Each structure stands twice: as structure tokens, then as C-alpha cells.
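Have a look at the structure below, then the notes.
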Amino acid sequence: MTLSVQIAQKLDDFALDVAFEVPDGLTVLFGPSGSGKTTVINAVAGLSRPSQGRIEAQGRVLFDASRGVCLPAHRREIGYVFQEGRLFPHMTVRKNLLYGRQLARDRQDEIRFDRVVEMLGLGRHLDRQPVHLSGGEKQRVAIGRALLARPKMILADEPLAALDERRKAEILPYFELLRDEFSLPILYVSHSIAEVARLATTVVALAQGQVSRVGAAAEVLGDPAFTPAGVRAVGAILDARVKAHHADGLTELDAGGVALFLPKLVQPEGQSVRVRMAAHDVMLSREAPKGLSALNIMCGTIAAIRAGEGPGAIVSIDTQAGRVLARITRRSVQAMGLVEGQPIYAVVKSVAVAPEDVGAR
Amino acid sequence: MNGWLGPEEWQAVMLSLKVAFWAVAGALPFGILAAYALARWQFWGREFLNIIIHLPLVLPPVVTGYLLLLSFGTQGAVGQVLQKLGIVVAFHWTGAALAAAIMAFPLFVRAVRLSLEAVDPKLEQAASTLGASGARVFLTVTLPLIAPGILAGAVLAFAKAMGEFGATITFVSNIPGQTRTLPSAVYAFLQVPGGEASAMRLVVVSIIIACGALIVSELLARRVAKRVGRL
Chain D
71 MTLSVQIAQK LDDFALDVAF EVPDGLTVLF GPSGSGKTTV INAVAGLSRP SQGRIEAQGR
131 VLFDASRGVC LPAHRREIGY VFQEGRLFPH MTVRKNLLYG RQLARDRQDE IRFDRVVEML
191 GLGRHLDRQP VHLSGGEKQR VAIGRALLAR PKMILADEPL AALDERRKAE ILPYFELLRD
251 EFSLPILYVS HSIAEVARLA TTVVALAQGQ VSRVGAAAEV LGDPAFTPAG VRAVGAILDA
311 RVKAHHADGL TELDAGGVAL FLPKLVQPEG QSVRVRMAAH DVMLSREAPK GLSALNIMCG
371 TIAAIRAGEG PGAIVSIDTQ AGRVLARITR RSVQAMGLVE GQPIYAVVKS VAVAPEDVGA
431 R
Chain A
308 MNGWLGPEEW QAVMLSLKVA FWAVAGALPF GILAAYALAR WQFWGREFLN IIIHLPLVLP
368 PVVTGYLLLL SFGTQGAVGQ VLQKLGIVVA FHWTGAALAA AIMAFPLFVR AVRLSLEAVD
428 PKLEQAASTL GASGARVFLT VTLPLIAPGI LAGAVLAFAK AMGEFGATIT FVSNIPGQTR
488 TLPSAVYAFL QVPGGEASAM RLVVVSIIIA CGALIVSELL ARRVAKRVGR L
């Protein structure tokens, strides 16, 4: 276990009591605002001190209330990417990038300055002042600054929340790079299901200061019982590979032998991608559907049916591509006579597999 | 300028510059510390410290000078300790510098405190997560960001120290070449027949120094606003 957190803290109108252990990779602390996400990440960073508990990262005890241990933030060897960048306004981009690195001269790492500058596309901005950068550029500098500080772990508190959609799409891939190329453990705070779907290897869901769910991303997001962001957010994540780009503007993916068609993706052929299918975009059919406009039809067997409190029900279907979720009405469940173990066809509207829900892996 | 000002006038101007320089240099570290404490720390007696620092601003200068004489004079408690260390401030130019420093202190602390309060503590937090200890955060982030504010405060304090009269004359008297600063000299020239011309020349010098200080201070204040504003 790379990160183990067990902390309790009482504030005026809010009590936090969380415990979780997560492996390497990118862990998303997920939950609505006010659920305690930022309190947890700041406790890991050493910016706030919980009243009780223990925090251990890669075998290092960062905080242990019972033994009176609380490593100050500057000795925790972390790289923290904040929501608002927090670049030093009186330093050039280059000096910002090197700030933490110069303080960690005695630590070795594989991360080279030139490579980070190139990866983040900051070469022509090095001698500029942060005030002249756009929001997305600032956030790229912030990522570089955290990465260059030779951290043992990256922390990020809603690093995309202050950006517009286009900038979000510009910054998101860099976190995938941190996760995949630099193999750094990352603790990432977010309330966006799209970010969770695209980035998370592990999800820690928080609600009202408590951990409501911990697990692998595909498992947690594919669980119909997991509806923290509202029932509309329920959806399955499938691993796929880009098979071909067709002349009519569609990209064909191969998901465990099942062909999926999406509007053209930028990823090259052979690249692994993650696809998210929202449950409300999946219809069910007992027979192989004919004469439908939908391109993506998968056959499978019903693994579970979970009726909600309202008129809806969520049906989990095991397919060759993985587990798919469908949100249909309870009336349809009855009318169709759906039972567990039954073979079924899932019809996915191809437009529903939106580009922002698809990420490179 | 040497030819335009008489030797006595020139002496007063040079002494005033020396006194004001050392007053500001001495007040600088204490002023920054006091401003930092008032802006950032919560401690018992914070309001009391605030009042003590601002007292010279509202107290009649003569009262401040008399209190200085009581404590730092040859018979005063602090004065006697200093005397044993071989330091004399009573009726000495160092005493003039001390009086000027205390009178200028509230102006300086206010300026530094204002610029400190404009610094976003989140930047200091960011620096600490990047591995900077408290002292390093202060030196590499806080201090550069408030530097224009410190300079502006120092310029104001310098002008105030140049003009200090009441506390100085009460504490260290009006000894030519020793404690006769520019305002004391103007006062002295006005007391003797035919001294108006000398007084007038010193008045012109005073106005030039005061205007210069205000302009420099204003320019620096604008710079700090721009600098701290760029986030």
C-alpha cells in the first residue's frame, strides 16, 4: 500500500472521519463540495493538522497523532498542484519551475528539466512573468513546478476547476502522462465524474466527511449502487484500442473483440483508450435488434438488476467488452421479464460516447 | 549648493541626513518584525503592541521626547544601562536618531503591514509544499513581494525623521553640530535677528526633500500594487 490515511478532525459544523488505503497509481478523492476532499488532501500535504489519526506514504510516516509526529509541509517531499496555480508573481516561469528543484538538490530523480519543459510545451515561455500567461499555461507551469521538485507523490486539488472546457481538455492529458510515464503516485481531488472516468486507477468516494466507497475505478464506477453524483452520472468504463479510422469520420475501437464506433478520435491506431458509457444512453433488447440506427450493439448476459427508489432501474450486463450499465424503467424490466442470467442486447447510441468521456491510457 | 548654503545651514542639512539615515536603518528590521507580527501572528497583547507602536503618531511630540529623556537620559533606567556599555544617547546625535526613529516607526510599520496583508498566504503555502522552510519562504517569497512596500515605508519614515522637531529638541536639545537638525536650525535662525534668509533657504531645502520623498513613495506604492496584484 502506497498511501494510507486515517484521520479525524472536528470543525465547527463539520466532522471528518476517514480511513482508506490505496495502491500506486492515480487515486481520485471524489465527492461533492463540502464532503471533506480538500481537508484530506491538505492533511496529506501538511498544510493542516488533523486532531487524530495517522498518514503514511510509501512507508514514511507523515503524521501520527498518537506519537506526536507531524512532518512540516516542506519536509514531506510532495508536489502540490493547486486549483489556482499559485505561481510566484515575482519570478519568471523558469524560476518558478526551478523553485522546488533547487531545494531538493540532494534528492535524485529521473525527471530532467528539459524533458519536462518540452513535455509541457513551456520552452518559449521560460523567461516570461506569470502575469502574461493564460490560465492553461499557468496550470502547466504549476504542474511542471510540482513535478520538478523531485516529489515522492503528486497532490492535485481540483487542478482543472478554474479552467474553461477547452483548457480542461488541454491540461487533462498531462495528468495522464504523470500517471503513466513518470509512474508517480498521485492523489487527485475532483468532483467531476468525467475526470474520474478518465484519470482514476483508484477511487475514494467521500460524502459528508466519511468514506463511502473505495476501489478500482472501473469497479466503483461500474457499480450501479454507486450514485454519488446523481443517477445520471452512472456509467461503465471499458478498455479499448483504436482499430481503424474510417473515411466517413468514424473511429472503430476494439473492446475485447467487440467493435465500437465513435466520432473521429485523435489517438493513433493501436493506442489504448478508455471509453465511458453513461447508463442512460444504453437501451436493452431481448432479441438482436434490426433496422436500428444505432451502430453499437453488444450482446451479453444480465449480471444484476437493481431497482432504484424512483421509477428507474439499473441493469448490469456482462459483455465481451466488459461490464455495461443500462438505466431503464422498472416498468420495462417487468414488461420484458428481465431476470439475472438472461441473454440480452445492449444498444448504445454512438453519439453518446462523447469525446470528453474518452481518454488515452 | 555648498556656496548657496552657509556653513551652519549646510551642517544642519548634513546632520539631518545622517540622523534620518540611521533612524531609518535602525527602525527597518524592528519595523518589519513588528509589521509581520501584527499582520500574521495571533498572540496575547497584540492590540497592546499595536497601540504602543502607534502612540508616537498621536501623542504630542514633546511628551514623547520627555518620556525618552526620562528613560534614556543619563539618570534614566535604560540610559544608565547604555552608559555602562559606553553608549551615550542623551544630547548626542544618536539620541536625535533614536527620537526620529521612534517618531517615524508607526508610519513605517503601517506601510509594511499594508503590503504584507496584500500578499496571498496561499503563495507562501505553495512555497512550503515545494520544500521551503519558514525562513526561506519569508526570504524568497514574502520579502520580495513586500520589498516595494518596505521601500515606500522607508522613504516616508526618512522624510518624517528629517522633519522631526518636538521630540528631538526635548530629548537632545539644540546643540549646533551635534543635535541641531534642519527643523531645529530653522527654529534657531528665526529666534535671532537677520536669521530669516538662512531660515528661508532651509525651508526651501525641506520642501524639496519632502516633495521628493512623496513622489518616490507614490511611485513605489504603485509598483507594489502592480506586483502583488499579478496573480
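Residue numbers (the numbering used here), protein chains in the order written: chain D, 71 to 431; chain A, 308 to 538.
Virtual Cβ for every residue (Gly too), placed ideally from N, Cα, C.
Since the structure is predicted, the reported quantities are computational estimates derived from the model, not experimental observations.
Contact annotation: residue 404 of chain A and residue 329 of chain A have beta-carbon atoms nearer than 8 Å. Of D:323, D:203, D:218, D:209, the smallest CA-CA separation from residue 230 of chain D is found for D:209. Across the set D:395, D:399, D:320, D:373, the C-alpha of D:395 shows the shortest separation from the C-alpha of residue 352 of chain D.
Per DSSP, the continuous alpha helix (DSSP H) segment holding residue 213 of chain D begins and ends at 205-218. According to the DSSP assignment, residue 361 of chain A belongs to the alpha helix (DSSP H) that extends over 353-365. In the three-state scheme derived from DSSP, where H, G and I count as helix and E and B as strand, residue 482 of chain A is classed as coil. Sorting D:335, D:253, D:195 by C-alpha distance to the C-alpha of residue 311 of chain D places D:335 at the top. In the same chain as residue 369 of chain D, and ignoring 5 residues on each side of it, the C-beta atoms closer than 6 Å to its own belong to 415, in chain order. Residue environment for residue 264 of chain D: buried (at least 16 other C-beta atoms within 10 angstroms of its C-beta). DSSP lists D:418 as the bridge partner or partners of residue 366 of chain D. For residue 382 of chain D, the enclosing beta strand (DSSP E) begins and ends at 382-389. Annotation for residue 269 of chain D: 96, 245 place their beta carbon closer than 6 Å to its own, counting only its chain and skipping 5 residues before and after. By the Cβ neighbour-count rule, residue 371 of chain D is exposed, with fewer than 16 other Cβ atoms within 10 Å of its own. For residue 271 of chain D, there is no enclosing beta strand (DSSP E), since its DSSP letter is neither H nor E. Look at residue 451 of chain A: its C-beta is under 8 Å from a C-beta on chain D.
Residue 321 of chain D has D:315, D:332 as its beta-bridge partners, per DSSP. Straight-line spacing of the CA atoms in residue 366 of chain D and residue 329 of chain D works out to 7 Å. Contact with chain D is absent for residue 475 of chain A, since none of that chain's Cβ atoms lies less than 8 Å from the residue's Cβ.
Beta bridge pairing from DSSP links residue 347 of chain D with D:306. By the neighbour-count definition (other C-beta atoms within 10 Å, threshold 16), residue 491 of chain A is a buried residue.
Residue pairing for residue 488 of chain A: DSSP places it in no beta bridge. Taking all protein chains in view, the Cβ of residue 363 of chain D is surrounded by fewer than 16 other Cβ atoms within 10 Å, so the residue is classified as exposed. Boundaries around residue 188 of chain D are those of the alpha helix (DSSP H), 183-189, since no beta strand (DSSP E) includes it. Taking 8 Å as the upper bound for CB-CB distance, residue 181 of chain D and residue 125 of chain D are not in contact here, some 24 Å apart. With contacts defined by Cβ atoms closer than 8 Å, residue 112 of chain D and residue 118 of chain D form a contacting pair. Proximity of the region 187-199 of chain D to the region 164-177 of chain D meets the contact definition, three or more beta-carbon pairs being nearer than 8 Å. For residue 258 of chain D, not one C-beta of chain A is nearer than 8 Å to its own C-beta. Between residue 153 of chain D and residue 232 of chain D, the gap from beta carbon to beta carbon is short of 8 Å.
Its Cα nearest to that of residue 345 of chain A, the residue A:359 stands out among A:359, A:511, A:332. Beta-bridge analysis with DSSP links residue 286 of chain D to D:272. Comparing alpha-carbon positions, the option among A:343, A:370, A:512 lying closest to residue 425 of chain A turns out to be A:343.
Residue 443 of chain A is bridged by DSSP to nothing; it lacks a bridge partner. By the criterion of at least three beta-carbon pairs nearer than 8 Å, the region 370-381 of chain A is not in contact with the region 437-455 of chain A. Within the region 433-461 of chain A, 433, 434, 435, 436, 437, 438, 439, 440, 441, 443, 444, 447, 448, 451, 452, 454 place their CB atoms closer than 9 Å to a CB of chain D, listed in sequence order. The DSSP-derived three-state label of residue 507 of chain A is helix. In the three-state scheme derived from DSSP, where H, G and I count as helix and E and B as strand, residue 413 of chain A is classed as helix.
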